[in-house]
Amino acid sequence: MRPCLPLVLSVLGLLVGATPAEAQYAVGHRSFGAGTALGVGVAKLDLDFTDVDNSEFAFLLPTIEFKLFLGDQLSLDASIPVSNIAASNALHDYFLATGEVYLNFHPSAPSAVEFFVAPGLGFSVASHEYTLPTGRKVTEDAWAFHVPARLGVELNSERRSFSVFLAARPFFNLIHGASGAINPGAGCCSSSG
Numbered sequence: 317m318r319p320c321l322p323l324v325l326s327v328l329g330l331l332v333g334a335t336p337a338e339a340q341y342a343v344g345h346r347s348f349g350a351g352t353a354l355g356v357g358v359a360k361l362d363l364d365f366t367d368v369d370n371s372e373f374a375f376l377l378p379t380i381e382f383k384l385f386l387g388d389q390l391s392l393d394a395s396i397p398v399s400n401i402a403a404s405n406a407l408h409d410y411f412l413a414t415g416e417v418y419l420n421f422h423p424s425a426p427s428a429v430e431f432f433v434a435p436g437l438g439f440s441v442a443s444h445e446y447t448l449p450t451g452r453k454v455t456e457d458a459w460a461f462h463v464p465a466r467l468g469v470e471l472n473s474e475r476r477s478f479s480v481f482l483a484a485r486p487f488f489n490l491i492h493g494a495s496g497a498i499n500p501g502a503g504c505c506s507s508s509g
């Protein structure tokens, strides 16, 4: 019981000397979160795979999102598009895995409506296997380095226990295609989560 006393006194001190907005976040302030996001947009990705057409219209199917709060105005976010990975691997004859991390700045936090900017980094790997007319199997590999960003608005409940965001997600890629050339790629999508 005694080790808890300093913690209880500290929280009470914060609540007594705090404004109503600060008191709202002093108790029950979240330090991590998880959720999902989805979106739609356009992209140019040139993997140089034989007989693989690269679509310019893209869907961001439900993702897994993780958030680690480093303070009211800063969080480290990870986004793994598990549905896109599963759909791509099921519908195409190549393997794809991808993910991104963001450093998310909320300059208007804490608030019920927060604007944010989140620069990020990501990486993708892909592998395509096919058989030549001679019967020999050929495997082509590609990877991409992503430089994405999220710019948008986040709507929060009290104590930020639940939030929804709407964002634009422009990105730039450097893609090392199967031919060995490094090709630029870019695009933009809207996302919500």
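Counted the way our numbering counts, the sequence shown spans residues 317 to 509. By construction, the Cβ of each residue, glycine as well, lies at the ideal position given by its N, Cα and C atoms.
The three-state secondary structure of Ala442, taken from DSSP, is strand. Beta-bridge pairing by DSSP links Ala483 to Gly468, Ser507.
Take Val429, set aside five residues on each side of it, and the residues of its chain with a beta-carbon closer than 7 Å to its own are Val469, Leu471, in chain order.
Secondary structure of Ser473 (DSSP, three-state): coil. Taken through DSSP and simplified to helix, strand or coil, Ser399 comes out as helix. With fewer than 16 neighbouring CB atoms inside 10 Å of its own CB, Ile498 falls in the exposed class. In the DSSP annotation of this structure, the continuous segment of the beta strand (DSSP E) that includes Ala413 starts and ends at 410-421. For the pair of segments examined, the region 475-491 was found not to touch the region 446-456: the number of CB pairs separated by less than 8 Å stays below three. The residue among Pro397, Glu445, Asp388, Ala460 with its C-alpha nearest the C-alpha of Asn420 is Asp388. For Thr447, the beta-bridge partners assigned by DSSP are Lys453. Judged by their CB atoms, Leu412 and Ser395 are not nearer to each other than the 9 Å cut-off. Rounded to the nearest angstrom, the gap between the Cα atoms of Ala406 and Leu490 is 25 Å.
Residue pairing by DSSP places Ser391 opposite Phe385, Asn420 in a beta bridge. Taking every protein chain shown into account, the CB of Phe385 has 16 or more other CB atoms within 10 angstroms, so this residue is buried.
Counting along the chain, Ala350 sits inside the beta strand (DSSP E) bounded by residues 348-351.
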